[in-house]
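Participant: In the working numbering, the protein residues as written are 8 to 332.
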Ligand code: R5P
């Protein structure tokens, strides 16, 4: 690929998804200096000239979320003031997306605020993956490509799990669309769980629509955060006669007690395995595997770089590949 006109940066130079994507495109990640002053203020400076270049900035908004967001905003400002031609921001995991509406009186819509901050800083285009709700796309007035991971997840599942006697499970109504898509692609039945959440990070799964008795279950969600949703779903599934339970999700955040909870569930044979994509870096362990979406990013970025091609056609090609497995 032509490194003359395009430059790739990752604010976290160790972020595997950024490194793997650049490698697949035959590009190098260009250096950028990011430091903090004694009082915590952040400073960013690309270490190479960026004048008149189209730049791509990778930054996933996992923990520490606010630090990573501020680093992104400040770097966008640095690029803008260095007279770049175009700033393409790549945010594999977009934090604050769960605060996308007023759920009760006097609450913020933080997803809108974060969208405004990114646009005001100077981003020209956004590439992101599975926002918690699709409507957040409308919070941006710049072009946005909103990628889905379902084809990569489906391909991985088809190659690595015995799908006999398997039922796909949505752990809440919000996950139904994704679960239905997976069940259609794999030609498997679907069950849906009714979940309630009376306060943040406290999920309770109360009822299953569908019969999971004597079935192996594959739960699919967009985010695993503290693991409360998945653990509660597993308990309900086991009490309803489920056999083996597998879990997959796009964004594996694993915050707070998540790893401890999943370790216990794995050791007690409640969960067989967890699969997450690499939108967020996950520490290696025996019960979590990563499904890389670097080929998806490379395919999409190739469209950007060549300025031709269609994401819909790309997805159609992925579906054909899955059918031929
Ligand atoms: C909620 O609606 C999301 O789709 C996830 O189910 C949720 O964010 C997971 O959070 P936790 O792992 O803390 O239950």
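Where is the CB? At the ideal position from N, CA and C, for every residue including glycine.
No experiment lies behind these values; they were computed from the predicted model shown.
Would you say the beta carbon of residue 182 is closer than 7 Å to some non-hydrogen atom of the ligand R5P?
Facilitator: Sequence index remark: in the chain shown, residue 182 carries index 175 (1-based). Under cutoff, so the answer is yes.
Participant: Could you name the residues of the same chain whose beta carbon sits closer than 6 Å to that of residue 72, not counting the 5 residues immediately before and after it, in chain order?
Facilitator: Your numbering for residue 72 matches position 65 in the chain shown. Closer than 6 Å at the Cβ level, and outside the excluded window around residue 72, lie 102.
Participant: To the nearest angstrom, how far is the alpha carbon of residue 146 from that of residue 98?
Facilitator: Taking the first residue of the chain shown as 1, we reach residue 146 at position 139. Taking the first residue of the chain shown as 1, we reach residue 98 at position 91. Going by the C-alpha atoms only, they are around 15 Å apart.
Participant: Let me know the beta strand (DSSP E) ranges lying completely inside the region 278-320, each 3 residues or longer, listed in chain order.
Facilitator: 280-284, 295-298
Participant: If you measure between the beta carbons of residue 283 and residue 231, is that distance less than 8 Å?
Facilitator: Along the chain shown, one-based indexing puts residue 283 at 276. Along the chain shown, one-based indexing puts residue 231 at 224. Contact flag set, yes.
Participant: Should residue 91 go down as buried or exposed, given a rule of 16 or more other Cβ atoms within 10 Å for buried?
Facilitator: One-based indexing of the chain shown puts residue 91 at position 84. Answer is buried; the Cβ neighbour count reaches 16.
Participant: In chain order, what residues of the same chain have a beta carbon less than 6 Å from the beta carbon of residue 16, not counting five sequence neighbours either side?
Facilitator: Taking the first residue of the chain shown as 1, we reach residue 16 at position 9. The answer, listed in chain order, is 37, 39, 64.
Participant: Is it true that the region 120-140 meets the region 154-166, where meeting means three or more beta-carbon pairs spaced less than 8 Å apart?
Facilitator: yes
Participant: Nearest to residue 182 by alpha carbon, out of 42, 140, 321?
Facilitator: Stepping through the chain shown from its first residue, residue 182 is reached at position 175. Among 42, 140, 321, the Cα nearest to that of residue 182 is on 140.
Participant: Over the uninterrupted alpha helix (DSSP H) stretch that includes residue 235, give me the two end residues.
Facilitator: Residue 235 sits at position 228 when you count from the first residue of the chain shown. Counting along the chain, the alpha helix (DSSP H) containing residue 235 begins and ends at 235-246.
Participant: Which of helix, strand or coil does DSSP assign to residue 170?
Facilitator: Here residue 170 corresponds to residue number 163 of the chain shown, with the count starting at 1. In this structure, residue 170 counts as coil in the three-state DSSP scheme.
Participant: Excluding sequence positions up to five away, which residues of its chain have a Cβ less than 8 Å from the Cβ of residue 298?
Facilitator: As a working mapping, residue 298 is identified with position 291 in the chain shown. So the list reads 156, 159, 160, 163, 255, 282, 283, 284, 285, once near-sequence residues are dropped.
Participant: Compare the Cα-Cα distances from residue 3 to each of 180, 60, 246 and report the closest residue.
Facilitator: The displayed coordinates of the chain run from 8 to 332. Any statement about residue 3 would go beyond what the structure contains.
Participant: Any idea what DSSP makes of residue 202, helix, strand or coil?
Facilitator: Position 195 of the chain shown, counted from the first residue, corresponds to residue 202. In this structure, residue 202 counts as strand in the three-state DSSP scheme.
Participant: Quick check: does the Cβ of residue 178 come within less than 7 Å of any heavy atom belonging to the ligand R5P?
Facilitator: Stepping through the chain shown from its first residue, residue 178 is reached at position 171. Yes, since a heavy atom of the ligand R5P falls inside the 7 Å radius drawn around the Cβ of residue 178.
Participant: Does the beta-carbon of residue 142 have 16 or more other beta-carbons within 10 angstroms, so that it is buried, or is it exposed?
Facilitator: For this step, residue 142 is matched to residue 135 along the chain shown. A residue is called buried once 16 or more other Cβ atoms fall within 10 Å of its Cβ, and residue 142, having fewer, is exposed.
Participant: Sorry if obvious, but does the Cβ on residue 116 come closer than 7 Å to a heavy atom of the ligand R5P?
Facilitator: Counting from one through the chain shown, the residue named residue 116 turns up at place 109. For the ligand R5P, not one heavy atom lies less than 7 Å from the Cβ of residue 116.
Participant: With a cut-off of 8 Å, do at least 3 Cβ pairs link the region 39-59 to the region 75-85?
Facilitator: yes
Participant: Candidates 278, 250, 190: which alpha carbon is nearest residue 219's?
Facilitator: Counting from 1 along the chain shown, the entry for residue 219 is found at position 212. Minimum Cα distance to residue 219 is reached at 250.
Participant: Could you tell me if residue 5 is buried or exposed, where buried requires 16 or more neighbouring beta carbons within 10 angstroms of its beta carbon?
Facilitator: The chain is shown only over 8 to 332; residue 5 falls outside these bounds and no answer can be derived.
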